[in-house]
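In full-length UniProt numbering, the protein residues as written are 1 to 169.
Presented below is the structure to which this report refers.
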Amino acid sequence: MGLKDWRNDTEYMGYVADLLAAPAVQKLANYTQHHFSTRLEHCITVSYVSYKLAKNMNLDARATARAGLLHDLFYYDWRTTKFDRGTHAWIHPRIAVRNAEKLTQLTPKEKDIIMKHMFGATLCPPKYSEGYIVSLVDKYSATSEYLMHLKQKTSSKLHYAFNFAKVSK
Numbered sequence: 001m002g003l004k005d006w007r008n009d010t011e012y013m014g015y016v017a018d019l020l021a022a023p024a025v026q027k028l029a030n031y032t033q034h035h036f037s038t039r040l041e042h043c044i045t046v047s048y049v050s051y052k053l054a055k056n057m058n059l060d061a062r063a064t065a066r067a068g069l070l071h072d073l074f075y076y077d078w079r080t081t082k083f084d085r086g087t088h089a090w091i092h093p094r095i096a097v098r099n100a101e102k103l104t105q106l107t108p109k110e111k112d113i114i115m116k117h118m119f120g121a122t123l124c125p126p127k128y129s130e131g132y133i134v135s136l137v138d139k140y141s142a143t144s145e146y147l148m149h150l151k152q153k154t155s156s157k158l159h160y161a162f163n164f165a166k167v168s169k
């Protein structure tokens, strides 16, 4: 079962269907995350890949899936919004936890996963293995999304340069 099959994964859907149905989560579809993906698509990717890894490692797949889905539950453009105290990397996990707590009762593990998913950009490491999984998958996903953007940008410039070179001959 591949990444695109998350809707057909009955175990995964059993863990996250209530969250996916929530208007607060669906609202993430209105925000661009990393050039080509919406924040909802990004959160689903992080959630599902993290869930699969946790399941394969006999870890808490439920907490991983749910926290992965809620890890970026905030509603502002992180590229342009600035804060008086702290950076986006430090502040948005706190906002995500606060928003998630309005939707569902978070377990201590889910709260820690969301709060510490920016480890590396922030100093506080996750308490649980599942937190490291979500943190690493989030970074992998963000990097992949950015590289797709860079590839398209570079390809169009190369296409222009090659066409210009042909015309110049």
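Cβ coordinates follow ideal geometry from the N, Cα and C atoms, glycine included.
Remember, predicted model here, so these are calculated numbers, not experimental data.
Beta-carbon proximity list for residue i, same chain, < 7 Å, skipping 5 on both sides
{"i": "residue 100", "result": "70, 73, 106 and 114"}
{"i": "residue 12", "result": "6, 48, 51 and 65"}
{"i": "residue 124", "result": "116"}
{"i": "residue 126", "result": "112, 113, 116, 119, 132 and 135"}
{"i": "residue 96", "result": "70, 71, 72, 73, 74 and 114"}
{"i": "residue 87", "result": "none"}
Close-in-space but distant-in-sequence residues of the same chain around residue i (CB under 6 Å, 5 per side omitted)
{"i": "residue 68", "result": "46, 47, 50 and 134"}
{"i": "residue 92", "result": "74"}
{"i": "residue 138", "result": "46 and 117"}
{"i": "residue 122", "result": "89 and 90"}
Pair within 8 Å by beta-carbon distance, residue i and residue j
{"i": "residue 109", "j": "residue 63", "result": "yes"}
{"i": "residue 42", "j": "residue 144", "result": "no"}
{"i": "residue 29", "j": "residue 38", "result": "yes"}
Nearest-angstrom Cα separation, counted from residue j out to residue i
{"i": "residue 111", "j": "residue 94", "result": "9 Å"}
{"i": "residue 20", "j": "residue 85", "result": "31 Å"}
{"i": "residue 40", "j": "residue 32", "result": "9 Å"}
{"i": "residue 54", "j": "residue 82", "result": "34 Å"}
{"i": "residue 16", "j": "residue 3", "result": "15 Å"}
{"i": "residue 80", "j": "residue 26", "result": "22 Å"}
{"i": "residue 18", "j": "residue 104", "result": "9 Å"}
{"i": "residue 44", "j": "residue 77", "result": "19 Å"}
{"i": "residue 22", "j": "residue 10", "result": "18 Å"}
{"i": "residue 98", "j": "residue 14", "result": "23 Å"}
For residue i: DSSP bridge partner residues
{"i": "residue 119", "result": "122"}
{"i": "residue 38", "result": "32"}
Sequence-distant residues of its chain with Cβ nearer than 8 Å to residue i (five each side left out)
{"i": "residue 120", "result": "135 and 139"}
Mind the definition here: the region 112-130 touches the region 54-61 only if three or more C-beta pairs lie below 8 Å; say whether that holds.
The region 112-130 is in contact with the region 54-61.
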